[in-house]
Structures are given as C-alpha cells and as structure tokens.
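First to last, the protein sequences are chains A and B.
Just so you know, my numbering puts the end of the first sequence at 356, numbered straight through with nothing missing.
Just so you know, my numbering puts the end of the second sequence at 668, numbered straight through with nothing missing.
Think of the CB as a built atom: it goes at the ideal place given N, C-alpha and C, for glycine as much as any other residue.
Notes to accompany the following structure.
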Amino acid sequence: MADAREDVIRCEGIWKIFGDRSRQAMEAVRSKGLSKKDIREEFDCVVGVQDASFSVGRGEIFCIMGLSGSGKSTLIRHINRLIEPTSGTVFIEGQNVNAMNAETLRKLRAEKIGMVFQAMALMPHRTVRDNVAFSLEVRGVSETERAKVAAKAIDMVDLTGWDRKYPDELSGGMQQRVGLARALAADPTILLMDEPFSALDPLIRRQLQGTFMELSAELHKTTIFITHDLDEAIRIGDRIAIMKDGVLVQIGTPEEIVTQPADDYVADFVAGISKLDLVTAARIMQPFAAYVQAQGPQETGGWPVGKPEMNLNELVDLAVGTDHPILIAAEGQPVGVVTKRALLRGIQGRDEERAA
Amino acid sequence: MADEGFNWLNPFASIDLGIASWADGIKQWAISNREMIQPIKRFFETVIVGIESALQATPPMAMLVVLVLIAWQAAGRRGAIVVGACLVILGLLAPEAWGLAMTTLAIVVASVILCVLIGLPLGVLAGKSDRFEGFIRPVLDTMQTIPAFVYLVPVVMMIGIGNVSGVIVTIIFALPPLVRLTSLGIRGVNPSVVEAARAFGASPGQILRKVELPLATPTILAGLNQTIMLSLSMVVIASMISVKGLGNEVLRAMGRLDAGKAIVGGLGIVMLAIVLDRITQGLGRSGRDRGHRHWWETGPVGLITAMFKKTT
Numbered sequence: 001m002a003d004a005r006e007d008v009i010r011c012e013g014i015w016k017i018f019g020d021r022s023r024q025a026m027e028a029v030r031s032k033g034l035s036k037k038d039i040r041e042e043f044d045c046v047v048g049v050q051d052a053s054f055s056v057g058r059g060e061i062f063c064i065m066g067l068s069g070s071g072k073s074t075l076i077r078h079i080n081r082l083i084e085p086t087s088g089t090v091f092i093e094g095q096n097v098n099a100m101n102a103e104t105l106r107k108l109r110a111e112k113i114g115m116v117f118q119a120m121a122l123m124p125h126r127t128v129r130d131n132v133a134f135s136l137e138v139r140g141v142s143e144t145e146r147a148k149v150a151a152k153a154i155d156m157v158d159l160t161g162w163d164r165k166y167p168d169e170l171s172g173g174m175q176q177r178v179g180l181a182r183a184l185a186a187d188p189t190i191l192l193m194d195e196p197f198s199a200l201d202p203l204i205r206r207q208l209q210g211t212f213m214e215l216s217a218e219l220h221k222t223t224i225f226i227t228h229d230l231d232e233a234i235r236i237g238d239r240i241a242i243m244k245d246g247v248l249v250q251i252g253t254p255e256e257i258v259t260q261p262a263d264d265y266v267a268d269f270v271a272g273i274s275k276l277d278l279v280t281a282a283r284i285m286q287p288f289a290a291y292v293q294a295q296g297p298q299e300t301g302g303w304p305v306g307k308p309e310m311n312l313n314e315l316v317d318l319a320v321g322t323d324h325p326i327l328i329a330a331e332g333q334p335v336g337v338v339t340k341r342a343l344l345r346g347i348q349g350r351d352e353e354r355a356a
Numbered sequence: 357m358a359d360e361g362f363n364w365l366n367p368f369a370s371i372d373l374g375i376a377s378w379a380d381g382i383k384q385w386a387i388s389n390r391e392m393i394q395p396i397k398r399f400f401e402t403v404i405v406g407i408e409s410a411l412q413a414t415p416p417m418a419m420l421v422v423l424v425l426i427a428w429q430a431a432g433r434r435g436a437i438v439v440g441a442c443l444v445i446l447g448l449l450a451p452e453a454w455g456l457a458m459t460t461l462a463i464v465v466a467s468v469i470l471c472v473l474i475g476l477p478l479g480v481l482a483g484k485s486d487r488f489e490g491f492i493r494p495v496l497d498t499m500q501t502i503p504a505f506v507y508l509v510p511v512v513m514m515i516g517i518g519n520v521s522g523v524i525v526t527i528i529f530a531l532p533p534l535v536r537l538t539s540l541g542i543r544g545v546n547p548s549v550v551e552a553a554r555a556f557g558a559s560p561g562q563i564l565r566k567v568e569l570p571l572a573t574p575t576i577l578a579g580l581n582q583t584i585m586l587s588l589s590m591v592v593i594a595s596m597i598s599v600k601g602l603g604n605e606v607l608r609a610m611g612r613l614d615a616g617k618a619i620v621g622g623l624g625i626v627m628l629a630i631v632l633d634r635i636t637q638g639l640g641r642s643g644r645d646r647g648h649r650h651w652w653e654t655g656p657v658g659l660i661t662a663m664f665k666k667t668t
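Structure (structure tokens):
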C-alpha cells in the first residue's frame, strides 16, 4: 500500500511561531536550536506547531489527535493556508500552496478543499441551501446549478426538506450536518474536519460519525480529521498522528499506535483503549513451526481455524466453543497457533513472552 | 494693563499670540476665494432644493399615505398607526405646519443621505483596520464634544448662511454614531463565520458584501437611527444660520416669547422625530423577529405579492 500511494497532501517541516518577533525566533531556532521555553523567554513568542511533516494519500483518512492547546487546529489551518506558516511548505497534489497568489489560493479553497468547523460557523442570515451552496456562489456558479448541487449535498446528509430553514431553526446535530453538506457541495478532493463532532452530545456524535463514515466510504475523500477523542480517531482513521505541545509525537495505524506506543505520553493515552478490535491474530500468534517444535506434532483436525487478520474479538468467538488452541491459516496453510493463554494476554495488551 | 509690564502671577494677560487676527485673516482669505467653494456649495444646493421641491410638491394626504405605508412595511401595523396619528397631529397644529415640516424633513433627508455616503465607508474602514479606527476615534470624539456654536461660525464664514451651511453643520453633528456603530457592527461579526467564508474561497470583497455587512446590518441601522435623531435635533440650532422650517419657528418664538409659535414648532419637531424613529427602528428588526420572512413577504408589499401569487 505504501508504494502505490499517491500523496495528495504533503507538509514539510511546518513551524508556526506566534508573536511579533516570530521571524527572529525562527532564525534562532535554526541556528541555535532553542527550546520552546527559551523562545518564550527570549522572544516572547509562542510555538504553535513545531516541525510537523506528514503526508496523506489519496482517499486516506488521517486523524490528528491531541488535547486542546496541542496545536492541531493551528496545523490543519496551514493546509488551506488560513494561517501562514513561519517556516515550511504545504503541497497539495504537488502544488506549493504557500507560493500561490491570492486568486489561485481562493480557487483552490473553493474547488478542492471542503472544511468543517467545530463551531459549525454557519451563516445565520442564509438559509440552509444558501449556506451549502456558498462555495459555488463565491465562484459565480449560476443559480439553477447551485440549487441542484445544494439539493444533492443536502440529500447526502439526510436533511432533505430543511433547505429553506435558517440555521438557528435547526438542532446542533442538524447544523453540523449542514456544515458537512457545505464542505461536500463543491465535490472537493480534500476534506478538512476540525473537531467536527466535539461540540455534540454523545448519541448525536455517534450518529454523525456513522453518517460521515458512510459518506467517506462512498466518496473516498482525502480527509484530515482532528479530534481530541482517541476512540473517535481509532474508529475513523486509517492512520493517526498524536500531537503534543505542537509536536507530532507518533504517526501510525491505529494498531501501531495502540500496540507500539512511541513514548510514555502515547502509552498513557492508549492505556484505556480496548484492544479487542485492533490487535490481530498475526500479532499474538506463535508461528506454527515453533509451536510444533515445542509441543510435538499436533492433530489439528478438531481445532477451530482463523485467519491472520482476524481481531481478538473474532478470535474469542472461535475460542469459546472448544478447548483446543486456534489454528491460524493463510491460503489453506497453517501459519500459526493462538493458545488460550496468548489470547488472554493479548486482551490484556501484554505480549505472551514478556508476560511469562 | 500693558504698561504694568509683565506679571508672573497673571502672565496670560500680557501675551497676545494674535490668534484672533490670524483667524480673521483666514476669513478674509475665505471671502476673497469664495469661488473655490462655489462648486461644492452648488452641489449641496441642488441636492437640497431637489429634495425639498419634491416633498413640497407632494400633496399632504398623498405624503401621509406614503409615509404610513412605509411605516407599515418597516415597523408593522402598530408602527403604521403611531406614524399616521403623529402625522395627523402635525398637520392639525397650524395651517402652515405641514409645509414647515416638509422643509425641515428635506434638510434632514439631505443630511442623512450625505451622512450615509460618508459614514458607511468610513465605518467599514474603521471596522477593518485598527489603525484607521485609532485615527478616526479622536476625530469623532471631537466632532461630538465641540459645541455646535463653535463650528457654526467658520462654516458660515466659508459658505455663508443658508441651507447648505445648515446641512454641513448637521453632518458634522450627526455623522459620528453612524461611523461608530458601523465599525462596531463589522467588528461584532462572529470571526469563525468570516473564517469559514475564507475557507470556502471568498474574496475580501465577497466577505464584506455577503457576510459582514448583512450580519452588521442591525447595528448599522441603529447607528442610522441615531444619526437621524441627531440631525433632527440640529434643526433648531441650524435655524440660527437662516435655515427655514420648524426650527426657525422655535427660534423666532424664543425671540418674541411667542408661545403659540413655540408650541407649533416644538410639537412639530417631536412628531417628525417620532415618525422617523418608528420607521428606522422598524428597519433594524432582525430576520428572526419577523419570523424568518423576507421583507417582501410582510406588510403592504406582502399583501400585493400574495395577491399576485394567488392569481397566477
């Protein structure tokens, strides 16, 4: 997957330093490698984002997870250049966003990037339809075309019939659906989601996550999704970046983040996360040859058979019906064995060898 | 005093910087260069005369009906009733009261139109730029704190007495709230909404027209209301430089202790003020107060469009 990937968004060494003397502070960082504390004391500047580099492939959902104040909202605003980086470059489909003139940048924003905001940021003086069609109106698309596209986008988020209402006549969940429809209306390549569901109550949040995942499975938008909720990041993201104090601490798949946290900070975060859906048989199984060597030749006829990509949840389902270990087979060949002991340790989140 | 020599306890008496004669010199210059100001004066004159002759030419009953309909549209049925009653009282005050009121209205309308033309762009600029706000704020403060009589003299010196000076003096007095409240309205627009507009590719001009001005409209209309009220309160002072109308009645009544004239002039101004206030306050109501209906869906225009919809 990594080889065939086409990068839609690429960020290289993004720094954002806030303050009147951010330029000098940046120079000092380059030449002397000042720490964040030094910058604050010497230049009275605050570091928002520190040397962030990452890339997002086409159709990928990239979650940036961090607590409030970690700089994730600042980082996402660099992608469509709502914020100018102090240093570093953003490329979208190979084009340097930071080198664009105002006109090209506006065209990029209107045509290629849809954004959803935590605060919804709907325009209170416009109907749902006019809100949804805003990016088209800005580009000078005709009234009839706008109505058609808006109706389609409103239908996608199940708000048909509400298009003539005003935002303050809608509930919070419905307002954010409008926000989602507005972002999707122009059929952009990229979706930027800035904590879109954080302000909603848990039930509505789940509902909207569902809507979003259905839509993204259907539309395959390259998405950057910001959240402070690791559960949400794991449920939604193809890859997750953990951000702390402006630094991207670790980037990886949900499984990598949960099973191989890069440092104590990440480990603390993932400690409470259930491994049942994330850890696969391939991770906890003992290679078949090693098992045979240790236990002698086995009569595996009565054993339940699983696949390497099965998660713990599915393995538990197999294990409850029998006293035998689970045989893991790929393309008809046995490749490994998951014993009851390994399964239980896996659920605990510990490796069998280390625990034993 | 001069022969007593310099007195340290009262130094000011013996120092004469000659500011008064210097100002006199400016006056002389202004008088000898009147032609330079003439085009400006002529422009103002045509605007005022045009508005006044239109208002005077309209028969009072027709004018009354038009104003009541405007009030109904802007402020609803109750506003229309109040406006109608005030206009009837105004007309019944004295046989000449209606004509005087129209003269005053012409001055107010001309001043307010010019205030909007000057004040709205200044307000938008002040709302957008902290630097311009910092520059314009003390200017506005000065305009509001200087007593009107102080700038009456230089304006008359440059332009002479009459309606034009009256309008200019009124603009100086009535402009500040419009600029201030326009700036306030623009600054009060939710920044996240403006950010969203930027994120969807709107240009600064589009953001101003499609987002900021519509959202600032209630505040701007409150400023317009204040400007209208202030220009109305200026008509009595402006009548001192020979501006005709209701204010002039009050001024003449003061000179002769004529209670009758005073009541006609004073009550007339009050009635006019209520009429203008009702109408402009009605304009400022937000869409939500109107039950999210557009202005053309309510009031007399709403009735007409509804009729058309039924027939088609």
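Residue-level contact to chain B via CB, residue i, 8 Å cutoff
i, result
"ASN80 of chain A", "yes"
"ARG146 of chain A", "no"
"MET359 of chain A", "Since the first residue of chain A shown is 1 and the last is 356, residue 359 of chain A is not available in this structure."
"VAL138 of chain A", "yes"
"PHE269 of chain A", "no"
"ARG109 of chain A", "yes"
"PHE364 of chain A", "Given a span of 1 to 356 for chain A in the structure shown, any question on residue 364 of chain A remains unanswerable."
"ALA329 of chain A", "no"
"ALA153 of chain A", "no"
"ALA150 of chain A", "no"
"ALA119 of chain A", "yes"
Within-8 Å CB hit, residue i to chain A
i, result
"SER589 of chain B", "no"
"GLN637 of chain B", "no"
"LEU531 of chain B", "no"
"LEU571 of chain B", "yes"
"LEU659 of chain B", "no"
"MET357 of chain B", "With a pLDDT of only 45 at MET357 of chain B, under 50, the local geometry of the prediction cannot be trusted, and the value read off the model is given with reservation. Chain A contact via Cβ: absent."
"ALA662 of chain B", "no"
"ALA379 of chain B", "no"
Residue j beta carbon less than 8 Å from that of residue i
i, j, result
"GLU551 of chain B", "LEU82 of chain A", "yes"
"ALA453 of chain B", "ILE635 of chain B", "no"
"PHE225 of chain A", "PHE62 of chain A", "yes"
"SER521 of chain B", "VAL509 of chain B", "no"
"ALA241 of chain A", "PHE54 of chain A", "yes"
"MET627 of chain B", "ILE445 of chain B", "yes"
"ARG109 of chain A", "GLY381 of chain B", "no"
"SER467 of chain B", "VAL523 of chain B", "yes"
"MET174 of chain A", "LEU184 of chain A", "no"
"LEU180 of chain A", "VAL116 of chain A", "yes"
"VAL56 of chain A", "ILE14 of chain A", "no"
"GLY622 of chain B", "LEU456 of chain B", "no"
"THR583 of chain B", "ALA530 of chain B", "yes"
"VAL335 of chain A", "ILE328 of chain A", "yes"
"ALA450 of chain B", "VAL591 of chain B", "no"
Under 7 Å from the C-beta of residue i: neighbouring residues of chain C
i, result
"MET123 of chain A", "Here the protein chains are A and B, and chain C is not one of them."
Integer-rounded CB distance, given that residue j should sit under 8 Å from residue i
i, j, result
"MET672 of chain B", "ILE528 of chain B", "This structure cannot settle anything about residue 672 of chain B, because the visible part of chain B is limited to 357 through 668."
"ASN581 of chain B", "GLY640 of chain B", "7 Å"
"ILE76 of chain A", "PRO188 of chain A", "With 8 Å as the limit, ILE76 of chain A and PRO188 of chain A do not qualify as a contact, their Cβ atoms being about 14 Å apart."
"ALA427 of chain B", "ALA436 of chain B", "5 Å"
"GLY66 of chain A", "MET243 of chain A", "3 Å"
"LYS16 of chain A", "THR86 of chain A", "5 Å"
Please list the segments of the beta strand (DSSP E) lying wholly inside the stretch 60-125 of chain A, counting only runs of 3 or more residues, in order along the chain. 61-65, 87-92, 113-116
If contact means a Cβ-Cβ distance below 8 Å, which residues of the stretch 537-563 of chain B contact chain A? Listed in sequence order: ASN546, SER548, VAL549, GLU551, ALA552, ALA553, ARG554, ALA555, PHE556, GLY557, ALA558, SER559, GLN562.
Determine which residues of the stretch 89-108 of chain A have a Cβ less than 9 Å from any Cβ of chain B, and write them out in chain order. ALA102, GLU103, LEU105, ARG106, LYS107, LEU108
Quick one: which unbroken alpha helix (DSSP H) runs of 4-plus residues sit fully inside the stretch 278-311 of chain A? Chain order, please. Listed in chain order, the complete alpha helix (DSSP H) runs (minimum 4 residues) inside the stretch 278-311 of chain A are 281-284, 288-295.
Pick out the complete beta strand (DSSP E) segments inside the stretch 216-280 of chain A, 3 residues or longer, and give them in chain order. 222-227, 239-244, 247-252
Pick out the complete alpha helix (DSSP H) segments inside the stretch 583-652 of chain B, 4 residues or longer, and give them in chain order. 591-594, 602-612, 615-639
Output the residue ranges of the alpha helix (DSSP H) runs that lie fully inside the stretch 510-569 of chain B and measure 4 residues or longer, sorted by chain position. 519-543, 547-555, 560-563
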